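Position one of the sequence shown corresponds to residue 698 (this note's numbering), numbered consecutively onward.
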Amino acid sequence: MVKRRDILLFVLFFVPAIMNAVSVKNIEIENSGITATKNPPAGEVNACKKFTPNKEQLINYFRSAETSSDISWDHDYYSSCISYGNLELENGQTGKWRISSGGAGDIRFPDGKYIYLFREKNEWVDSQQDHIHTKNGFMAII
Numbered sequence: 698m699v700k701r702r703d704i705l706l707f708v709l710f711f712v713p714a715i716m717n718a719v720s721v722k723n724i725e726i727e728n729s730g731i732t733a734t735k736n737p738p739a740g741e742v743n744a745c746k747k748f749t750p751n752k753e754q755l756i757n758y759f760r761s762a763e764t765s766s767d768i769s770w771d772h773d774y775y776s777s778c779i780s781y782g783n784l785e786l787e788n789g790q791t792g793k794w795r796i797s798s799g800g801a802g803d804i805r806f807p808d809g810k811y812i813y814l815f816r817e818k819n820e821w822v823d824s825q826q827d828h829i830h831t832k833n834g835f836m837a838i839i
């Protein structure tokens, strides 16, 4: 028989993570490896070209990123290197996504609402930090 303590532990630790998840049904990469800076220096343009997350990396990002209705992550973890595109969620919602190499991102829905996301350890090259995040959380210098 399942103890109440076990149920409580499950609810406290696993339900928030499940509720935070953004399940992607389909994702399209419209542009990748570009800079959001107007008139950027050549070094920034070249660095941002390294930020090219693939579909699998993006789906993993959305599945495990923290979500918020507050834009502060975009400021706290700013990177001018971005990728963006369109997506369809498992619940049928569609939207436009944007992610920076630093791990901050957002989804803009047709009704004008946003979900802001952040995931610190990612599987793509963070060209402005000159490192790559790996699945196990260790970083390797490029």
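Quick reminder that beta carbons are idealized off the backbone N, C-alpha and C, glycines included.
Bear in mind that the values here come from a model prediction, so they are computed numbers and not experimental data.
Distances from the CA of Cys778 to each of Glu785, Ala733 and Gly802 were compared; the closest alpha carbon is that of Ala733.
A direct Cα-to-Cα measurement between Val719 and Ser761 gives close to 8 Å. If you draw a 10 Å sphere on the C-beta of Tyr775, you find fewer than 16 other C-beta atoms in it, and that means exposed. With a 10 Å radius around the Cβ and a threshold of 16 neighbouring Cβ atoms, Asp803 comes out buried. Assigned with DSSP and collapsed to three states, Arg816 falls in coil, not helix or strand. In this model, Phe806 and Glu785 are separated by some 10 Å (Cα to Cα). According to the DSSP assignment, Tyr781 belongs to no alpha helix (DSSP H) but to the beta strand (DSSP E) extending over Cys778 to Leu786. In this structure, Phe759 places its C-beta atom within 8 Å of the C-beta atom of Val721. Within the region 718-780, the complete beta strand (DSSP E) segments at least 3 residues long are 721-732 and 763-765, listed from N- to C-terminus.
Listed as beta-bridge partners of Lys793 by DSSP are Asn783 and Arg805. Burial check for Ala801: the Cβ neighbour count within 10 Å reaches 16 or more, so the residue is buried.
Sixteen is the threshold: since fewer than 16 other Cβ atoms of the shown chains lie within 10 Å of the Cβ of Gly809, the residue is exposed.
Taking 8 Å as the cut-off, the beta carbon of Ile724 is found closer than this to the beta carbon of Gly782.
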